[in-house]
Amino acid sequence: MSEDESPDDKPFEASEKKLLDARKKGELVKSTDLIATGSYGGLILGLVFAGAGTLTISAATMQGLLREADTLAPELFAGGASSISLTLILGTVGALSLWFFLPMLGAIASLVLQRALVFAPTKLEPKLNRISILSNAKNKFGREGLFEFLKSTFKLVVFSILLGLLFMYELDTMISLAAQPVSAIIGFVFYLLIEFLALVFLATLLIGGVDYIWQRAQHLRKNRMSRQEVVDETKSAEGDPHSKQYRRQRAIEIATQQMLADVPDASVVVVNPTHYAVALKWDRFSPTAPIVVASGVDHVAAAIRQRAQEAGVPIHRDPPTARALYATCKLGQEIPRAQFKAVAAAIRFAEAMRAKARKKPL
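Counting from 26, one number per residue, gives the positions in the sequence shown under the numbering used here.
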């Protein structure tokens, strides 16, 4: 089917195989809002564990560099910047490391929970449809584009309202901070940041849940299948009907050959002269009843009779018994009690034929 064909024209739901193939190509259900939620969660944890002291340490480092600017400037121009840079990097990055590491860990955790962390080399291959104006226009102005626009607008409104409510709630405290030292202001800003991020985290989590449901529905819609795709996949999974019929026929032929190979070991073959043949094996020293070693109708029955004649196995004509044995007994199965009398007569006939053959002069 053409890639440009609308999913609405495909009446069948995506099969597990098609979804698995799509996953291998990197096409999977993934919500960027849930990834952002994981990052926000990691950032909140980083802020809580690191504490407001990280801001103080970073500020003190920068303050020291600015305060000693007159002394450090000649050293920088003289080529001694390495120790200064190392001090700046270790002081700042060391203090803020959790702020960067935990959000990254949260984003990765979100991908893992969405089962969206896969390596798909095909995503790196250049494709013309990625720069197609028509394809991009469909994404921007189609169903997906409209959803993304509404979602972005909703997030902007929600975040603005949350920020406004938070400022209104903390307004009195913010005014009172005018007479407080810098350390108190930093602590309050830190607390305010955590409060706002917590609200954003909850809002993004709800939006991400809705977005994930939408993305999953879109993914299933994109991977809907046409009738021809279903037929092709069925052929691929089960094999072509002609090949399947050939394999079935071949298996029957092999089973028939194996069955005919047991006919020479039979004690007697009970036949309906034209349609049925059942070969029975009996050991007088065994407590079990005679067992069926071969049975068949029409051409298989003819093959059994021919193999019996070639091997010298007596053939007993008894149409009712032959039909009954064929209908009620499977290969390797003992004959039913209802057929004991008729089969006993067939075995006596076979033994008489063998005894008669032994008495014939050579």
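Every residue gets a Cβ at the ideal spot worked out from N, C-alpha and C, and that includes glycine.
Problem - Cβ-based neighbour list, alanine 389, same chain, cut-off 8 Å, excluding 5 preceding and 5 following - result: This structure does not reach residue 389, given that the chain is present from 26 up to 387, and the question cannot be answered.
Handout entry: Distance between beta carbons of arginine 330 and valine 411, contact taken as under 8 Å
Key = Nothing can be reported for residue 411: it is not among the residues displayed for the chain, which extend from 26 to 387.
Exercise for the section: Answer yes if the region 210-221 comes into contact with the region 166-176, meaning at least three C-beta pairs across the two stretches below 8 Å, and no otherwise. Expected result: At 8 Å Cβ cutoff, the stretches do not touch.
Exercise for the section: Closer than 7 Å by C-beta to valine 325: which residues in its own chain qualify, once you throw out the five before and the five after it? Chain order, please. Expected result: Translated into the one-based positions of the sequence shown, residue 325 becomes position 300. Thr281.
Problem - One or two residues paired with asparagine 306 in a DSSP bridge - result: Against the sequence shown, residue 306 aligns to sequence position 281. The sequence given here has lysine at residue 306, not asparagine. As a beta-bridge residue in DSSP terms, lysine 306 pairs with Ile316.
Handout entry: arginine 48: first and last residue of the uninterrupted alpha helix (DSSP H) it sits in
Key = Here residue 48 corresponds to residue number 23 of the sequence shown, with the count starting at 1. For arginine 48, the enclosing alpha helix (DSSP H) stretches over residues 41-49.
Exercise for the section: Flag this pair as touching only if the region 336-354 and the region 301-315 have three or more C-beta atom pairs under 8 Å; answer yes or no. Expected result: Contact holds: three or more Cβ-Cβ distances are below 8 Å.
Handout entry: For glycine 51 and glycine 131, believed in contact at Cβ under 8 Å, the rounded distance
Key = Walking along the sequence shown from the start, residue 131 turns up at place 106. Walking along the sequence shown from the start, residue 51 turns up at place 26. About 22 Å separates the Cβ atoms of glycine 131 and glycine 51, ruling out a contact at the 8 Å cut-off.
Handout entry: Close Cβ partners of leucine 53 (< 6 Å) along its chain, the five nearest in sequence each way excluded
Key = Sequence index remark: in the sequence shown, residue 53 carries index 28 (1-based). Cβ neighbours of leucine 53 beyond the five flanking positions: Ala141.
Practice task
Would you kindly work out how many angstroms separate the C-alpha atoms of arginine 275 and aspartate 323, rounded to a whole number?
Solution key: Looking up residue 275 in the sequence shown gives position 250. Looking up residue 323 in the sequence shown gives position 298. If you take the alpha carbons of arginine 275 and aspartate 323, they lie about 18 Å apart.
Exercise for the section: Please confirm if the region 34-48 is in contact with the region 243-251, defined as three or more CB-CB distances below 8 Å between the two stretches. Expected result: A contact exists between the region 34-48 and the region 243-251.
Exercise for the section: Determine the DSSP secondary structure at glutamate 28, reduced to helix, strand or coil. Expected result: The residue given as residue 28 occupies position 3 in the sequence shown. Residue placement at glutamate 28 is poorly supported in this model, since its pLDDT is 48, which falls under 50; the coordinates still yield a value, given next. Note: glutamate 28 maps to coil in three-state DSSP.
Problem - Close Cβ partners of serine 27 (< 8 Å) along its chain, the five nearest in sequence each way excluded - result: As a position in the sequence shown, residue 27 is number 2, starting the count at 1. Since pLDDT at serine 27 reaches only 46, below the 50 mark, its modelled position is unreliable, and the value read off the structure follows with that caveat. Excluding residues within five positions, none has a Cβ falling inside 8 Å.
Exercise for the section: Determine the direct distance from the alpha carbon of tyrosine 194 to that of alanine 204, and round the result to whole angstroms. Expected result: To locate residue 204, count along the sequence shown from 1; it is residue 179. To locate residue 194, count along the sequence shown from 1; it is residue 169. Taking the straight line from one Cα to the other gives about 19 Å.
Handout entry: 3 or more residues per run - each beta strand (DSSP E) lying fully within the region 339-375
Key = With a minimum length of 3 residues, the continuous beta strand (DSSP E) runs that stay inside the region 339-375 are 340-342.
Practice task
Specify whether the region 303-317 and the region 350-369 touch according to this definition: at least 3 beta carbon pairs, one from each stretch, less than 8 Å apart.
Solution key: Yes, they touch.
Exercise for the section: Using only alpha-carbon positions, find the residue among Leu68, Thr57, Arg373 that is nearest to isoleucine 219. Expected result: Position 194 of the sequence shown holds residue 219. The residue among Leu68, Thr57, Arg373 with its C-alpha nearest the C-alpha of isoleucine 219 is Leu68.
Problem - Cβ-Cβ distance between arginine 398 and proline 289 below 8 Å - result: Residue 398 is absent from the model: the chain starts at 26 and stops at 387.
Practice task
Verify whether the separation of the beta carbon atoms of histidine 341 and phenylalanine 374 is less than 8 Å.
Solution key: The residue labelled residue 341 in the question sits at position 316 within the sequence shown. The residue labelled residue 374 in the question sits at position 349 within the sequence shown. Cβ atoms of histidine 341 and phenylalanine 374: closer than 8 Å.
Practice task
Could you name the residues of the same chain whose beta carbon sits closer than 7 Å to that of methionine 284, not counting the 5 residues immediately before and after it, in chain order?
Solution key: Stepping through the sequence shown from its first residue, residue 284 is reached at position 259. Same-chain partners within the cutoff: Ala319, Leu356.
Problem - Contacting residues, own chain, Cβ-Cβ under 6 Å from alanine 228 (five flanking each side not counted) - result: Residue numbering aside, residue 228 sits at position 203 when the sequence shown is read from its first letter. Closer than 6 Å at the Cβ level, and outside the excluded window around alanine 228, lie Val183.
Practice task
Could you tell me which residues DSSP puts in a beta bridge with glycine 321?
Solution key: As a first step, residue 321 must be located in the sequence shown, where it is residue number 296. Note: glycine 321 sits in a beta bridge opposite Ala302.
Problem - Beta-ladder partner(s) of valine 293, from DSSP - result: To locate residue 293, count along the sequence shown from 1; it is residue 268. According to DSSP, valine 293 bridges with Leu305.
Practice task
Could you pull out every residue in the same chain whose Cβ sits closer than 6 Å to the Cβ of lysine 55, ignoring the five residues on either side in sequence?
Solution key: Residue mapping note: residue 55 aligns to position 30 of the sequence shown, counting from 1. So the qualifying residues of the chain are Gln139, Ala141.
Problem - Classification of glycine 189 by the beta-carbon crowding that lies within 10 angstroms, buried from 16 upward - result: Numbered from 1 along the sequence shown, position 164 holds the residue referred to as residue 189. Its Cβ having fewer than 16 others within 10 Å, glycine 189 is exposed.
Exercise for the section: Check whether the Cβ atoms of isoleucine 60 and leucine 136 sit closer than 8 Å, and answer yes or no. Expected result: What you label residue 60 is simply residue 35 of the sequence shown in a count that begins at 1. What you label residue 136 is simply residue 111 of the sequence shown in a count that begins at 1. Cβ distance < 8 Å, so isoleucine 60 and leucine 136 count as in contact.
Handout entry: Where phenylalanine 37 sits in the DSSP three-state scheme
Key = For the purposes of this step, residue 37 is identified with residue 12 of the sequence shown, where counting begins at 1. Strand.
Handout entry: Inter-residue Cα distance where the pair is lysine 384 and glycine 337
Key = The count along the sequence shown starts at 1 and reaches residue 384 at position 359. The count along the sequence shown starts at 1 and reaches residue 337 at position 312. Going from the Cα of lysine 384 to the Cα of glycine 337 covers about 15 Å.
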